[in-house]
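Student: Below is a structure I'd like to ask you about.
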Amino acid sequence: MMRSALPRKRRFPNPVGLIAMLLLTACNLNATVQQNTNQPISGEPQVRIASPLPNATFLEGVPVNIQAQVTNAGADINRVEVAVDDAIISTLSEPNTSGAPVFSVVETWTAAGVGTHTITVTAIRGDGSTSAPQSVTVNIVTQGGQQPSANNNSNSNDNQTGSGGNDNTSSGNDNNTQATNTPSEPINTPPPSDTPQPQATDTPSKPMASFTTGVNVRRGPDTLFEPPIGSFAANDTAEILAVNTTRNWYKVRYYNGEGWVFANLLSVSGDVANLPVDPGPPVPTITPIPPTPIPATPVPQTNVNLVAGNIRTDPEQPTCKQTYNIYFDVANLGTTASAGGTINVEDSSNGLVTRTQGAFPAIQPGQTLNIGPIPLTVDTNFDAEHVLALIIDPGGQIAEINEGDNRGEKRYTLRRGSC
Numbered sequence: 003m004m005r006s007a008l009p010r011k012r013r014f015p016n017p018v019g020l021i022a023m024l025l026l027t028a029c030n031l032n033a034t035v036q037q038n039t040n041q042p043i044s045g046e047p048q049v050r051i052a053s054p055l056p057n058a059t060f061l062e063g064v065p066v067n068i069q070a071q072v073t074n075a076g077a078d079i080n081r082v083e084v085a086v087d088d089a090i091i092s093t094l095s096e097p098n099t100s101g102a103p104v105f106s107v108v109e110t111w112t113a114a115g116v117g118t119h120t121i122t123v124t125a126i127r128g129d130g131s132t133s134a135p136q137s138v139t140v141n142i143v144t145q146g147g148q149q150p151s152a153n154n155n156s157n158s159n160d161n162q163t164g165s166g167g168n169d170n171t172s173s174g175n176d177n178n179t180q181a182t183n184t185p186s187e188p189i190n191t192p193p194p195s196d197t198p199q200p201q202a203t204d205t206p207s208k209p210m211a212s213f214t215t216g217v218n219v220r221r222g223p224d225t226l227f228e229p230p231i232g233s234f235a236a237n238d239t240a241e242i243l244a245v246n247t248t249r250n251w252y253k254v255r256y257y258n259g260e261g262w263v264f265a266n267l268l269s270v271s272g273d274v275a276n277l278p279v280d281p282g283p284p285v286p287t288i289t290p291i292p293p294t295p296i297p298a299t300p301v302p303q304t305n306v307n308l309v310a311g312n313i314r315t316d317p318e319q320p321t322c323k324q325t326y327n328i329y330f331d332v333a334n335l336g337t338t339a340s341a342g343g344t345i346n347v348e349d350s351s352n353g354l355v356t357r358t359q360g361a362f363p364a365i366q367p368g369q370t371l372n373i374g375p376i377p378l379t380v381d382t383n384f385d386a387e388h389v390l391a392l393i394i395d396p397g398g399q400i401a402e403i404n405e406g407d408n409r410g411e412k413r414y415t416l417r418r419g420s421c
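For the sequence shown, the working numbering assigns the number 3 to the initial residue and increments by one for each residue that follows.
Spelled out as C-alpha cells, the structure:
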C-alpha cells in the first residue's frame, strides 16, 4: 500500500510547552468523551450508498449488505428508510442518538426475485424534511442453472473462447436446453461406409473458472488496476489462461480479449498445475491529487496535534462476509482546537485491501473522542492475518505540529464463517 505524501506542517514554536502538554494529557487517550452535538447544522441531510456497488450481481437467497453514510446529519434525524423497488423493507428509528454530523447505517436484505432491483436509502429529519433519495441497482440471478452435458463440453469451450465466457447468462442457457434434449431425440445412424473414420485422440482439458457471485475483471492482477474493464455474473464460466507469480490471481478469457480475476472468488475445474506464470502489467502508481491552492492570506497560528488511540472492533473477532463495527480513539494533544475531518479505514491481507471512511467532529485541546461505529465487511483471505489501519486526516487538510502519530493499527485473524 502506498501512502500519499502529506504537506509540510508548521513546527511547534515552544518545544518545552509541547512536552508538558503531552505529559499532562497522554493518560486520557482511553477516555471517551461525548461528541460535540452543538455544531450548527442546516439544510437537508445527504446520503451516500457505500454497498452494494452499482450493477453488482447476487445469487437469489443470499444476504445483501446495505451500507450507507449520512452526512450533514445532526441530532434531529428522526429515521432512515431502506426500500427495495419502492417498498420499504426497514425503518431505522433514531439512528443518530449521539447527534454526530456524520454517521453510518447497515441493513441486510435477502436477495429475492430474479432480475433487476433498485435499493433506495432516505434520511428524514423530525420536521419532515428529507434527503434526496439515493439509489443503486443490483442484479439477482437464480441459484445454480443447468450445465452443458459431457457430450457438449467441446462446444462449451469453443463458446467460451469465442464469447469470452461472459455470454453464458443468455446464450449459455440455449446451449443447456439443447444439451438436455439431445439424448431423448431419435438419432438416425448413417449406414456404414468404406471411408475410414479419423481416430479420436485425447484432448487435454482446459482449466475453467466458475463464478458463484459477481466478480470484477481487471487489466492486471491487483485491485489498483482501476476501473475494472468489466465483470462476470454469477454462474458464468471462463477459460483460465495463466496465473500470476503469487498464484492468487488468474488471467482468463474475457470476450475476445483477456482479463484478471481474484482466485478466492471462483472455483476451478481442470489442472492448473502447469499453467504459465504471467506477472501481468506493472501495478499503477497512484499519484496524489494536490490540494487546492489557498490564497496567501494571514491565518491564525494553530497548534493542533491529532493522535491515534485505541482501536476496538465489535465483535472482537471479525468473520468473513459479516459486517463488524469499528470504534477508534482520536485525541487532540495540541493547544488549539482542531476542526473536524475524515478517517480512512483500510483492512489489508496478502496484498488485498478493503476500504471505507469515517469522520470526526471538532476536538478541543486535551480532549479525546471515541469515534464509531464505522461499519466494515471483509470477504477476502479468511483464516489469514489482517491489518486494520485507521488514518486520521489522510489528505492533510488540518495543519498539525506532528504528522507522525495520525495512524493506528490493529491485527487480527479473519474467521471463515460462511465463506
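Note that the Cβ used here is the ideal one computed from N, Cα and C, for glycine as well.
Give the DSSP-derived three-state secondary structure of Leu243 in the structure shown.
Tutor: Leu243 falls in the strand class under three-state DSSP.
Student: Can you tell me which of the three DSSP states Leu226 falls into?
Tutor: Coil.
Student: Can you give the beta carbon distance from Val49 to Val72, rounded, assuming they're within the 8 Å contact cut?
Tutor: Yes, they are in contact, since the Cβ atoms of Val49 and Val72 sit about 6 Å apart, within 8 Å.
Student: Once the 5 residues before and after Thr215 are set aside, which same chain residues still bring their CB inside 6 Å of it?
Tutor: Ala236, listed in sequence order.
Student: Would you kindly report the start and end of the unbroken beta strand (DSSP E) that includes Ala484?
Tutor: Outside the shown range of the chain (3 to 421) lies residue 484, about which nothing can therefore be said.
Student: Under 8 Å, with one C-beta from each stretch per pair, do the segment 219-230 and the segment 53-70 reach the 3-pair mark?
Tutor: These segments do not touch.
Student: Can we say the segment 77-85 touches the segment 118-127, given the rule of at least three CB pairs closer than 8 Å?
Tutor: Taking 8 Å as the limit for Cβ pairs, the verdict is that the segment 118-127 does touch the segment 77-85.
Student: What is the residue span of the beta strand (DSSP E) that Phe362 lies within?
Tutor: From DSSP, the beta strand (DSSP E) with Phe362 extends over 354-362.
Student: Can you tell me whether Leu25 is buried or exposed? The criterion is at least 16 other CB atoms within 10 Å of its CB, across all chains shown.
Tutor: Caution is warranted here: a pLDDT of 42 is assigned to Leu25, below 50, making its placement in the model unreliable, and no coordinate value can be reported.
Student: Glu241: buried (16+ other C-beta within 10 angstroms of its C-beta) or exposed?
Tutor: Glu241 should be labelled buried.
Student: Excluding the five sequence neighbours on either side, which residues of its own chain have a C-beta within less than 6 Å of the C-beta of Ala114, listed in chain order?
Tutor: Closer than 6 Å at the Cβ level, and outside the excluded window around Ala114, lies no residue.
Student: Check whether the Cβ atoms of Gly261 and Val217 lie closer than 8 Å to each other.
Tutor: Result no, Cβ atoms of Gly261 and Val217 do not sit closer than 8 Å.
Student: Could you check where the beta strand (DSSP E) with Gly101 kicks off and where it finishes?
Tutor: Taken as a continuous stretch (DSSP letters only), Gly101 belongs to no beta strand (DSSP E), as it is neither H nor E.
Student: Using the Cα positions of Trp251 and Val263, report the straight-line distance between them to the nearest angstrom.
Tutor: If you take the alpha carbons of Trp251 and Val263, they lie about 6 Å apart.
Student: Could you give the DSSP three-state label for Leu2: helix, strand or coil?
Tutor: This structure cannot settle anything about residue 2, because the visible part of the chain is limited to 3 through 421.
Student: Along the chain, where does the beta strand (DSSP E) containing Ile328 start, and where does it finish?
Tutor: Per DSSP, Ile328 belongs to the beta strand (DSSP E) from 326-334.
Student: Hey, could you find the ends of the beta strand (DSSP E) Val217 is sitting in?
Tutor: It spans 217-219 - the beta strand (DSSP E) in which Val217 sits, taken as one unbroken run.
Student: Would DSSP call Ala52 helix, strand or coil?
Tutor: Of the three classes helix, strand and coil, the one that applies to Ala52 here is strand, per DSSP.
Student: Which stretch, first to last residue, makes up the beta strand (DSSP E) that contains Val263?
Tutor: 259-264 is the extent of the beta strand (DSSP E) around Val263.
Student: If we call anything under 8 Å between Cβ atoms a contact, is Ser137 one with Glu109?
Tutor: For Ser137 and Glu109, no; Cβs fall outside 8 Å.
Student: Smallest Cα separation from Ile393: which of Asn74, Val332, Pro367, Tyr257?
Tutor: Residue Val332 is the option with its Cα nearest to Ile393.
Student: Please determine if the segment 266-280 and the segment 316-331 are in contact, where contact requires at least 3 C-beta pairs separated by less than 8 Å.
Tutor: Touching, no, given that fewer than three Cβ pairs across the two stretches are closer than 8 Å.
Student: Determine the extent of the beta strand (DSSP E) in which Val285 is found, giving its start and end residues.
Tutor: Per DSSP, Val285 belongs to no beta strand (DSSP E) and is neither H nor E.
Student: Compute the distance between the beta-carbons of Ser106 and Pro320, then report whether it is under 8 Å.
Tutor: No; because the gap between Cβ atoms is not below 8 Å, this pair is not in contact.
Student: My parser needs the alpha helix (DSSP H) runs of 4 or more residues fully inside the segment 361-389; what are they?
Tutor: List check, alpha helix (DSSP H) in window: nothing returned.
Student: Select from Val143, Ala70, Pro295, Ile121 the residue whose C-alpha is nearest the C-alpha of Gln399.
Tutor: When only C-alpha atoms are compared, the closest one is Pro295.
Student: Who are Val309's beta bridge partners in DSSP?
Tutor: For Val309, which the question treats as bridged, DSSP gives the partners Ala333.
Student: Along the chain, where does the beta strand (DSSP E) that runs through Glu348 open and close?
Tutor: 343-351 is the extent of the beta strand (DSSP E) around Glu348.
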